[in-house]
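Here our numbering is used: the first residue of the sequence shown is 53, the next is one more, and so on. For glycine and all other residues, C-beta sits at the position ideal for the given N, C-alpha and C. I have placed the structure first, in the form of structure tokens, so that the comments after it can refer back to it.
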Amino acid sequence: MTQIIQTIQEMREVVNRLRQGGKRIGCVPTMGALHEGHLSLMREARKRTDVVVLSIFVNPIQFGPDEDYEQYPRDLSGDARKVEGLVDWIFAPSVEEIYPAGFSTFVEVHGLSEILEGTSRPGHFRGVATVVTKLLHIMQPHQAFFGQKDYQQALLLQKMVEDLNMDCEVVILPTVREKDGLALSSRNVYLTPEERRAATILYQALLTAKSLIEAGERSASVISNAMERMFREEERARTEYIAICHPKTLREIKEIQGETLIALSVWIGKTRLIDNLIIKTT
Ligand code: AMP
């Protein structure tokens, strides 16, 4: 069985030993309830680094008061079975280990935090940036692997690592999807069978945007209107945002040019899903 480490002290001892032995460390931070998307990050980490540390921590400070922190699926022993042979260590600390009484330091990445997901989820990225800073300090990886599924998060963490001179490369890897295009997410378990069918609309809308751009459409508003119309026809779906933006700054654009990020957040029933696609024009 892959060893599960629960304390910071023990994790540090392992990391120090590995670093002294000249090993390159890859880490994959997750909140558990692992699926193929998470496993794809671990497989890539395996290829690029000598040892892989998976962290599993449902981070309370990145959830808003009305969000699903309590309900979020947790299954440490099931997760450990899924990653057998794929990772060398699992770091699964308790909330008290990461946030002992009196904890009062937070990391904020201004600019990228307040738009898109940040508008819908105030304080979310402050929670993410703070926990990832702590995890990177504890695990001291040479490379940390994140999914494009949460593109804004990955971009913001790249910025944070650069701004704070952290000695770690943030690697962004492609989104893994179900056969019908739905991006894998730990939150998909909340969907009823009807909602699960309806949820394919997210990827269909992204593909519609891609076809429009490939057919020569350059107006962002024409594209987002076409996507909106698709969501209006699906009664279980309610869009929170559809953003057409520059993939580095996340600023909304009016005219498609070069690389474009199409990002969306959509409620399917009581479940909020996000997805995105980066589309290149020549
Ligand atoms: P989470 O446990 O949902 O916080 O996700 C942990 C990491 O897995 C993050 O870097 C996510 O972007 C990544 N991830 C989640 N879903 C997918 C997916 N479908 N494909 C690729 N990476 C993913």
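Return the CA-CA distance between K211 and L106, expressed in angstroms with no decimal places. Here residue 211 refers to the residue found at position 159 when the sequence shown is read from its first residue. Here residue 106 refers to the residue found at position 54 when the sequence shown is read from its first residue. In a straight line, the C-alpha of K211 is about 22 Å away from that of L106.
To the nearest angstrom, report how far apart G137 and I108 are at their CA atoms. Position 85 of the sequence shown, counted from the first residue, corresponds to residue 137. Position 56 of the sequence shown, counted from the first residue, corresponds to residue 108. So the alpha carbons of these two residues sit roughly 17 Å apart.
In this structure, how does DSSP classify I167 when only helix, strand and coil are distinguished? Residue 167 sits at position 115 when you count from the first residue of the sequence shown. Residue state, collapsed to three classes: coil.
C-alpha distance - P299 paired with L188, whole-angstrom precision: For this step, residue 299 is matched to residue 247 along the sequence shown. For this step, residue 188 is matched to residue 136 along the sequence shown. Roughly 25 Å separates the two Cα atoms.
So if I measure from each beta-carbon to every heavy atom of ligand 1 and keep distances below 6 Å, which residues remain? T82, M83, G89, H90, S92, L93, F198, G199, K201, D202, T227, V228, A235, L236, S237 and S238
Roughly how many whole angstroms lie between the Cα atoms of R249 and R288? The sequence position of residue 249 within the sequence shown is 197, counting from 1. The sequence position of residue 288 within the sequence shown is 236, counting from 1. Roughly 10 Å between the two C-alpha positions.
Does the separation of the CB atoms of L254 and V318 fall below 8 Å? Looking up residue 254 in the sequence shown gives position 202. Looking up residue 318 in the sequence shown gives position 266. Yes; because the gap between Cβ atoms is below 8 Å, this pair is in contact.
If you drop the 5 nearest sequence neighbours on each side, which residues of the same chain put their C-beta closer than 6 Å to that of A235? By one-based count along the sequence shown, residue 235 stands at place 183. Result list for A235: K201, T227, R229 and D327, in chain order.
Could you check how far apart the C-beta atoms of M53 and A132 are, in whole angstroms? I think they sit under 8 Å. Position 1 of the sequence shown, counting from 1, holds the residue named residue 53. Position 80 of the sequence shown, counting from 1, holds the residue named residue 132. Yes, M53 and A132 are in contact; Cβ-Cβ is about 7 Å, under 8 Å.
Quick check: the region 56 to 65 against the region 212 to 222, are there 3 or more CB pairs under 8 Å? The region 56 to 65, when compared against the region 212 to 222, does not touch it at the 8 Å Cβ threshold.
Hey, out of I331, I275 and R270, whose CA is closest to E307's CA? By 1-based counting over the sequence shown, the position of residue 307 is 255. Checked all of I331, I275 and R270; the closest Cα to E307 is R270.
As a quick exercise: from T101, R239 and Q192, pick the residue whose alpha carbon is nearest that of H87. The sequence position of residue 87 within the sequence shown is 35, counting from 1. If we check each option's Cα against that of H87, R239 comes out closest.
The beta strand (DSSP E) that contains D215, what's its start and end? As a working note, residue 215 is residue 163 in the sequence shown. Run containing D215: none in the beta strand (DSSP E); it sits in the alpha helix (DSSP H), Y203 to D215.
Just to confirm the assignment: which complete alpha helix (DSSP H) runs, minimum length 4, are found wholly within the region 252 to 325? 253 to 266 and 272 to 284, all fully within the region 252 to 325.
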